[in-house]
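Read through the structure below, which is laid out as structure tokens, and then see the notes.
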Amino acid sequence: MRAVGFCPGHITGLFYPCMHEDVLSSGSRGAGMCINLGAKSEVVINHHGEVRVSLKHGNGSTCVTKTAIMDMLPPGIGAYVNTSLELPMGCGFGMSAAGALSATIALSNLLNLPRQHAFEAAHRAEIINHGGLGDVAGLMAGGVEMRRREGIPPVGEVVRLADKLDLVACVVGPRMFTSTILESEGHAISRIGKRYHRKLLQNPTIDRFLELCREFAEDSGIITAPVRKALNELNNLGPCSMTMLGNSVFATGDLDEQERVLRKYGSTYRLHLDLEGPRIIHTE
């Protein structure tokens with residue numbers, strides 16, 4: 022039994038952590054974008070209980086995916102997972118969530134489980150392993166999304182703000198670790214994130230979202246030196262900000278000129294919104 026799942030990536034623009042005793046009720050409030058590049062996972066069931074997860078393309082840890090897979094497997098059943106990433110991990114593109122969800126959505130198909138099980142397992146694994154707090158919830162909505170209430174729906178509440186947005190993104194510095202940033206800057210992010218989340222609730226439009234992304238990044242004080250340098254060159258070309266949390270920038274507006282500016286900093290990616298969410302692309 023074999024299935025291949027795909028999950029879009031996710032860029033968070035503004036957020037603040039909201040943690041509770043119940044993992045499924047925990048996460049973040051904020052807003053972000055579900056993007057067309059993501060992760061693909063091939064999952065093969067075995068009947069001797071072995072669980073093995075490997076990255077075919079891309080560098081990074083497989084612990085989130087392995088935790089999520091083991092959460093779903095019944096006793097005596099194992100799985101081989103081979104994941105390919107279309108964007109780098111640790112750069113603010115939600116690749117740990119995408120890797121886990123592409124695998125759990127394939128596994129749920131093989132085990133005839135509801136899709137909700139796949140989302141819950143991936144979210145639990147993200148929280149337990151100190152990965153992204155709101156990526157899985159955001160991916161349930163698609164497009165440009167706003168997490169009105171933390172956690173996985175139906176406990177959490179996520180709404181879609183827009184269906185169309187074209188972006189260019191670029192990795193401009195070394196990998197960042199979400200857990201490290203939240204440990205050192207968590208109090209400031211919580212205080213400032215609440216304020217900007219309230220502002221977006223008052224005017225939940227795509228233009229306001231893009232404005233608030235940059236204001237949140239500036240006020241939270243987490244813009245790194247390489248991100249600052251890139252943003253300074255992009256300021257007159259359209260809305261731009263830092264991916265949360267990564268040494269990467271995203272921009273929309275004059276994409277050709279923005280991409281030309283960003284090429285000297287690193288690899289660039291042309292992106293558009295994904296509206297379908299995690300999905301099965303092959304079974305046999």
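Per the working numbering: the sequence shown = residues 22 to 305. Note that the Cβ used here is the ideal one computed from N, Cα and C, for glycine as well. Since this is a predicted model, take the numbers as computed values, not measurements.
In three-state terms, what does DSSP make of residue 69?
Three-state DSSP puts residue 69 in coil, outside helix and strand.
If distances are taken between C-alpha atoms only, which option among 76, 55, 217 and 53 comes closest to residue 61?
Nearest option by C-alpha distance: 76.
Helix, strand or coil, according to DSSP, for residue 51 in the structure here?
Note: residue 51 maps to strand in three-state DSSP.
Smallest Cα separation from residue 109: which of 301, 302, 289 and 298?
The residue with the shortest Cα to Cα distance from residue 109 is 289.
Consult DSSP for residue 293 and reduce its assignment to one of helix, strand or coil.
Residue state, collapsed to three classes: strand.
Give me the Cα-Cα distance between residue 43 and residue 190, rounded to the nearest whole angstrom.
Distance between the alpha carbons of residue 43 and residue 190 is about 34 Å.
Considering only the alpha carbon of each residue, which of 66, 27, 36 and 194 lies closest to residue 245?
The candidate whose alpha carbon is nearest that of residue 245 is 194.
What does residue 56 pair with, by DSSP beta-bridge criteria?
30 and 294, per the DSSP bridge assignment.
Beta-carbon within less than 7 Å of residue 185's beta-carbon, same chain only, minus the 5 sequence neighbours each way: which residues are those?
Cβ neighbours of residue 185 beyond the five flanking positions: 294.
From this set, 163, 187, 170 and 198, which residue's C-alpha is nearest residue 181's C-alpha?
Out of 163, 187, 170 and 198, 163 has the C-alpha closest to the C-alpha of residue 181.
Pairing CB atoms from the segment 46-57 with CB atoms from the segment 78-97, are three or more of them under 8 Å?
Counting Cβ pairs under 8 Å, fewer than three are found: no touch.
Would you report the Cα separation of residue 227 and residue 275, rounded to the nearest angstrom?
Their backbone Cα atoms lie some 17 Å apart in a straight line.
At which residues does the alpha helix (DSSP H) containing residue 234 begin and terminate?
227-241 is the extent of the alpha helix (DSSP H) around residue 234.
Going by alpha carbons, who is nearest to residue 243 out of 202, 153 and 26?
Minimum Cα distance to residue 243 is reached at 202.
Give the range of the beta strand (DSSP E) segment to which residue 120 is assigned.
Unbroken run through residue 120 is the alpha helix (DSSP H), 116-131; no beta strand (DSSP E).
Does the Cβ-Cβ distance between residue 115 and residue 32 come in under 8 Å?
Their beta carbons are under 8 Å apart, which means residue 115 touches residue 32 by this criterion.
Report, in whole angstroms, the separation of the C-beta atoms of residue 123 and residue 48, which I expect to be a contact under 8 Å.
Residue 123 to residue 48, Cβ: 19 Å. No contact.
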